[in-house]
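Down below is the structure, laid out as structure tokens.
2 protein chains.
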Amino acid sequence: MDPELARYLPILKWGRGYTSTALSNDLVAALIVTVMLIPQSLAYALLAGLPPEAGLYASIVPIMLYAVFGTSRALAVGPVAVVSLMTAAALSNIVEQGTMGYAVAALSLAGLSGVILLVMGLFRLGFIANFLSHPVIAGFITASGIIIAASQLKHILGINAQGHNLFELIISLVAHLSEINWITASIGILATVFLFWVRKGLKPLLQSFGVPSSATDVLVKTGPVFVVVATTLFVWGLDLADKGVKIVGVVPQSLPPLTLPSFSPDLLGQLLLPAFLISIIGFVESISVAQTLAAKKRQRIDPDQELIGLGAANIGASLTGGFPVTGGFSRSVVNFDAGADTPAAGAFTAIGLAIAALALTPLIFFLPIATLAATIIVAVLSLVDFSILKRSWTYSKADFLAVLATILVTLALGVEVGVSTGVALSVLLHLYKSSKPHIAEVGQVPGTEHFRNILRHDVITDPSIVTLRIDESLYFANARYLEDKIHNRVAGDKNIRHVILQCSAINEIDLSALESLEAINERLGEMNVQLHLSEVKGPVMDRLKRGHFLAHLTGKVFLSQFEAVREVGSGAALNNTPG
Amino acid sequence: MDPELARYLPILKWGRGYTSTALSNDLVAALIVTVMLIPQSLAYALLAGLPPEAGLYASIVPIMLYAVFGTSRALAVGPVAVVSLMTAAALSNIVEQGTMGYAVAALSLAGLSGVILLVMGLFRLGFIANFLSHPVIAGFITASGIIIAASQLKHILGINAQGHNLFELIISLVAHLSEINWITASIGILATVFLFWVRKGLKPLLQSFGVPSSATDVLVKTGPVFVVVATTLFVWGLDLADKGVKIVGVVPQSLPPLTLPSFSPDLLGQLLLPAFLISIIGFVESISVAQTLAAKKRQRIDPDQELIGLGAANIGASLTGGFPVTGGFSRSVVNFDAGADTPAAGAFTAIGLAIAALALTPLIFFLPIATLAATIIVAVLSLVDFSILKRSWTYSKADFLAVLATILVTLALGVEVGVSTGVALSVLLHLYKSSKPHIAEVGQVPGTEHFRNILRHDVITDPSIVTLRIDESLYFANARYLEDKIHNRVAGDKNIRHVILQCSAINEIDLSALESLEAINERLGEMNVQLHLSEVKGPVMDRLKRGHFLAHLTGKVFLSQFEAVREVGSGAALNNTPG
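If you're matching them up, the sequences are chains H and A in order.
Using full-length UniProt numbering, the first residue of the first sequence is number 1, and each one after it goes up by one.
Using full-length UniProt numbering, the first residue of the second sequence is number 1, and each one after it goes up by one.
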């Protein structure tokens with residue numbers, strides 16, 4: 001087997017060793033996931049502003065393509081809450097919801113996102129996702145959960161309301177509150193309360209009856225299916241659709257259709273940034289689920305290949321009537337817990353959903369929209385987690401600021417601005433922190449070869465020597481700070497004859513910093529002060545040798561700080577004649 | 001004396017000890033700088049697209065305000081080449097050159113820039129300037145020098161040509177080449193050649209006559225004055241203005257007028273970004289000159305106070321008919337070399353220029369524009385220095401890329417896009433570099449307590465232990481990389497029971513990295529592998545103690561790597577029974 005081919009087609013690895021045990025495990029997992037996915041897919045299509053069948057379609061071909069190209073054995077790919085919200089946010093800025101153009105734009109968004117992911121995978125650009133810090137993601141997910149929940153309240157209450165951010169939504173909800181449909185509201189609120197109870201109350205109850213924990217977990221996940229069946233029967237039996245309860249209505253009985261996204265350069269231009277953000281957010285969500293599950297079985301995940309898998313899945317979605325997809329947390333965990341052994345479980349799930357799309361759609365004609373909204377609300381409120389605010393406050397104020405800004409901006413100005421602000425702010429805060437590195441003036445601990453901060457320890461110093469330990473790599477953002485620090489330390493003290501930079505914590509010196517060191521060396525020279533370095537790391541030294549700095553250095557480079565002080569100190573004592 | 005007041009008014013410090021020696025030194029320096037500044041000020045006003053008197057005005061009040069608020073004793077503030085170019089670039093996008101609106105917009109730009117500098121100084125935001133890396137500045141200055149020289153060719157040749165970037169300029173020059181005025185061209189080319197000769201050939205000549213080096217330096221700087229006088233007399237004597245040679249013409253005889261910039265929100269909005277870039281570039285240029293000169297006399301420079309000084313100077317320029325100013329390199333060096341002792345030299349220079357503005361302007365009526373263009377070209381070509389390309393190529397490819405992009409984008413798309421691209425690219429490259437930190441797997445050097453890279457040294461390892469030394473602080477951009485690295489190292493090797501992270505080079509762990517460590521700890525736990533840390537720095541450890549990570553850590557934190565391996569290794573040997 002060609003190893004290069006196997007890298008791009010992981011199916012070649014696991015497919016060869018496929019056993020009948022794996023087959024039966026995969027089939028069982030697929031059945032459970034299929035049952036769970038039917039209501040979830042319909043609901044996320046609703047959230048994305050698309051007809052319900054789009055949710056089913058988005059779960060069929062993408063999951064199969066991921067099975068071929070992805071490296072995770074348990075990841076279940078399909079519509080997920082945050083990506084669906086971002087899809088709605090991106091599209092409703094451009095085309096009107098409910099139009100044909102909206103559905104076509106959703107295909108383009110999925111296709112564009114697929115191409116972006118694929119390109120990132122092929123060129124190994126996965127590192128771009130690293131610019132999303134954990135606190136920013138946590139803040140973003142929390143804020144998105146709140147917006148999603150708020151956006152579904154109108155379906156629960158049976159009223160009209162719109163808005164791209166939380167405040168617009170709330171104002172619109174309040175303005176339309178008089179139009180409330182009480183039957184819809186009763187169904188919606190009961191469904192929501194029931195689903196919350198299933199999450200919180202059912203598991204302990206079942207366990208008290210002695211049902212094993214693994215089974216209760218799976219049963220809890222099928223709660224939405226029960227609500228779907230019950231409320232559909234209820235609406236059908238009591239003819240509530242005639243009383244103003246909005247229902248799903250006609251859903252075509254069809255396999256996923258072959259579709260072509262719009263290639264309008266204008267549309268693609270407008271969708272580029274949203275597609276990029278959706279790709280990154282989707283990738284980050286997916287890879288963290290994949291790695292968590294892979295660790296449980298000591299399996300490997302290749303992030304670059306994951307990009308290719310998700311890219312293929314999204315391109316698949318764009319060609320078969322779907323919308324942007326990614327690896328979902330809850331469905332993947334169910335898949336894993338239900339015993340999925342290989343990506344074949346995903347393929348079987350796809351077959352299950354295809355059967356549902358072909359045969360079962362007439363059964364959901366009377367399914368109330370309020371029920372779908374209830375499943376969304378219950379699902380996303382588990383994403384809302386303000387503890388990150390407390391965690392970050394305790395650990396680091398810079399991280400706290402990034403979280404807070406991400407949450408507030410996302411709520412106030414929407415998902416795209418929110419996540420962009422978070423990324424920009426965390427980059428700026430990081431640069432700011434490293435622009436003022438910790439620089440300790442150190443002295444010798446008596447009787448040892450160790451050097452410690454003169455402010456914290458009782459150490460020996462020599463008035464003619466200043467030793468500074470810089471606890472940060474030197475690069476453009478802090479190069480000038482070092483110049484200022486050294487200049488101001490030396491300019492005021494005429495006893496100083498030697499400055500030693502202890503470089504033990506310097507992992508890199510970029511060209512800006514090198515030029516700053518040259519300027520420092522020259523300026524110290526003007527003041528008749530020698531500059532020395534000590535404990536320079538190998539790779540840093542290798543690089544310094546490429547420039548002229550070492551040739552012009554007024555002092556020396558010492559292997560250890562101790563050696564530096566011993567040599568320079570005695571030299572200074574000899575030379576240090578008055579005047 | 002109130003020390004807080006003295007910080008904001010450095011004049012209170014040096015003013016009290018002002019001596020008659022300092023007075024005579026300052027007067028001599030001021031005379032020399034004044035003579036040099038007259039043609040330079042006129043020329044830079046031309047470059048900024050403003051009438052010549054604006055250059056004189058911009059050198060009078062700003063230099064006095066800097067004398068009060070600035071901390072450098074030798075810095076000479078006024079119009080400089082790059083800032084004048086940026087002024088022209090910013091304004092000609094918005095208003096037509098030569099109109100009254102253009103001059104008023106220049107006042108607004110100076111005022112806005114002054115306020116930005118002042119705010120940065122008062123809130124100690126000088127670190128923002130650090131995001132301009134040295135290579136980006138070098139590339140930007142070089143590209144600007146080329147654009148400036150190209151923009152002056154039309155004056156040398158006596159033709160019309162326009163363009164915001166190099167290519168537009170060249171195309172426009174070629175298109176108008178047939179309109180060349182040969183008399184203008186002769187004056188322009190001769191003046192240029194003469195000025196180049198003064199720079200390169202005059203000094204050795206004078207020195208061969210035994211003139212001391214300090215005097216030759218000053219004489220060389222007065223070359224432009226000689227050319228101004230000679231060409232003015234020439235044009236006047238031969239009535240060349242009637243033959244199509246463009247001259248300066250009527251310049252009002254006046255002290256700097258009191259002016260009010262436009263406060264139109266629309267205009268200020270459009271000028272905000274250019275004003276910000278001008279402020280940053282100007283500050284960086286100014287502070288590096290100030291520090292270089294201060295070092296020669298062991299004087300201190302306070303960067304935040306420098307911002308205040310430059311801010312005051314620019315606000316002064318906006319209220320007295322000027323345009324954006326900063327501390328210039330060549331004038332400051334002349335000031336220093338001529339013996340300026342205190343900022344009073346600047347004030348005396350201002351008085352000299354005020355006298356020139358009042359009395360001497362009729363004398364420059366016949367001064368050809370081509371002469372001013374020649375002085376600009378010769379001045380800026382000394383800024384053009386492609387050696388940074390070679391330097392950066394040798395030292396670091398990332399820095400090379402940033403320089404090259406800055407030069408090319410500045411030439412192709414203009415100064416604002418150029419410098420913004422440079423900054424964005426250097427930030428991205430920095431994040432990219434630190435997103436894939438050097439992680440070495442280390443083993444014990446036999447017979448020592450040292451641990452070295454297993455790929456480079458012959459070391460002892462234990463199959464049940466993996467020790468990774470991470471040569472970088474851990475933060476969001478590299479947190480996931482570490483997760484991948486550790487996961488993939490451990491997932492494939494079932495012998496591993498312990499992972500030790502040697503943290504000696506980790507200066508910081510942000511919240512993202514902390515959460516990654518928690519995820520790593522948990523995932524390793526799933527694989528039945530313990531995670532240990534060794535050689536964690538004090539501040540990092542302090543912060544780790546604030547979270548729950550240490551409580552959940554499956555392994556221990558060791559003071560030294562040696563201790564870690566000794567304890568964990570023997571434990572592993574005891575527990576490591578087959579199966």
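Using N, Cα and C, we set each Cβ at its ideal position, and we do this for glycine too.
Because the structure is a prediction, the values reported are computed rather than measured.
The three-state reading of DSSP puts H:Gly17 in coil, since its state is none of H, G, I, E or B. At a cut-off of 7 Å, the C-beta of A:Asp217 has no neighbouring C-beta in chain H. Contact with chain H is absent for A:Phe283, since none of that chain's Cβ atoms lies less than 7 Å from the residue's Cβ. Contact check for H:Val248 against H:Ile146 fails: the beta carbons are separated by 7 Å or more. Between H:Pro463 and the set H:Phe366, H:Leu293, H:Gly352 and H:Ile496, the nearest pair of CA atoms involves H:Ile496. With a contact defined as Cβ atoms closer than 8 Å, H:Tyr102 and H:Thr342 miss out at about 37 Å. Under the three-state reduction of DSSP output, A:His487 falls in the helix class.
For A:Asp341, there are no neighbours in chain H by C-beta distance under 9 Å, as the nearest C-beta there is about 17 Å away. Counting C-beta pairs closer than 8 Å gives fewer than three between the region 336 to 350 of chain H and the region 105 to 125 of chain H, which falls short of the contact rule.
In the structure shown, the three-state DSSP call for H:Gly555 is coil. For the region 95 to 132 of chain A, the continuous alpha helix (DSSP H) assignments of 4+ residues that do not extend past its boundaries occur at 100 to 122, in sequence order. Going by C-alpha positions, H:Ile287 is about 10 Å away from H:Ile281.
Any Cβ of chain A closer than 7 Å to the Cβ of H:Ser72 would place that residue at the interface, and such an atom is absent.
Considering only beta carbons, no part of the region 236 to 250 of chain A lies closer than 8 Å to chain H. Identification of chain A residues near H:Gly547 by a Cβ-Cβ cut-off of 8 Å yields Arg391, Thr394 and Tyr395, ordered along the chain. Under DSSP, the beta-bridge partners assigned to A:Ile509 are A:Leu474. Beta-bridge partners assigned by DSSP to A:Ile247: A:Pro368. Residues of the region 295 to 319 of chain H that bring their beta carbon within less than 9 Å of a beta carbon in chain A comprise Ala295, Lys296, Lys297, Arg298, Gln299, Arg300, Ile301, Asp302 and Pro303, in sequence order. Annotation: Cβ neighbours of A:Pro135 in chain H (cutoff 9 Å, chain order): Phe476, Asp510, Leu511, Ser512 and Glu515.
DSSP, reduced to helix, strand and coil, places A:Thr216 within a helical segment of the structure shown. In this structure, the CA atom of H:Tyr66 is about 6 Å from the CA atom of H:Ala313. DSSP places H:Thr292 within a helical segment (H, G or I) once states are collapsed to three.
Taking 8 Å as the cut-off between beta carbons, the residues of the region 456 to 488 of chain H near chain A are Asp471, Glu472, Ser473, Tyr475, Phe476, Ala477, Asn478, Ala479, Arg480, Tyr481, Glu483, Asp484, His487 and Asn488, in sequence order. Contacts with chain A (Cβ-Cβ distance below 8 Å) from the region 108 to 133 of chain H involve Phe127, Ala129, Asn130, Phe131, Leu132 and Ser133, listed in chain order.
Close to chain A, meaning a Cβ-Cβ distance shorter than 8 Å, are the following residues of the region 526 to 551 of chain H: Glu526, Met527, Lys537, Pro539, Arg543, Arg546 and Gly547. Under the Cβ criterion (8 Å, minimum of three pairs), the region 194 to 203 of chain H counts as touching the region 217 to 226 of chain H.
Under the Cβ distance rule, A:Arg523 counts among the residues neighbouring chain H, one pair being separated by less than 7 Å. Assignment of A:His176 by DSSP, reduced to helix, strand and coil, places it in the coil class. Interface criterion met: the Cβ of A:Ser435 is under 7 Å from a Cβ in chain H. Counted as a single uninterrupted DSSP element, the alpha helix (DSSP H) harbouring A:Leu65 occupies residues Val61 to Phe69. With a cutoff of 7 Å on beta-carbon distance, A:Val83 and A:Thr326 are scored as near each other. With its beta carbon at least 7 Å from every one in chain A, H:Ala6 lies outside the interface.
DSSP, read as helix, strand or coil, puts H:Leu531 in strand. At a cut-off of 7 Å between beta-carbon atoms, A:Ala290 makes no contact with chain H.
Within the DSSP secondary-structure output, A:Val442 pairs in a beta bridge with A:Asn453.
In the three-state scheme derived from DSSP, where H, G and I count as helix and E and B as strand, A:Val325 is classed as coil.
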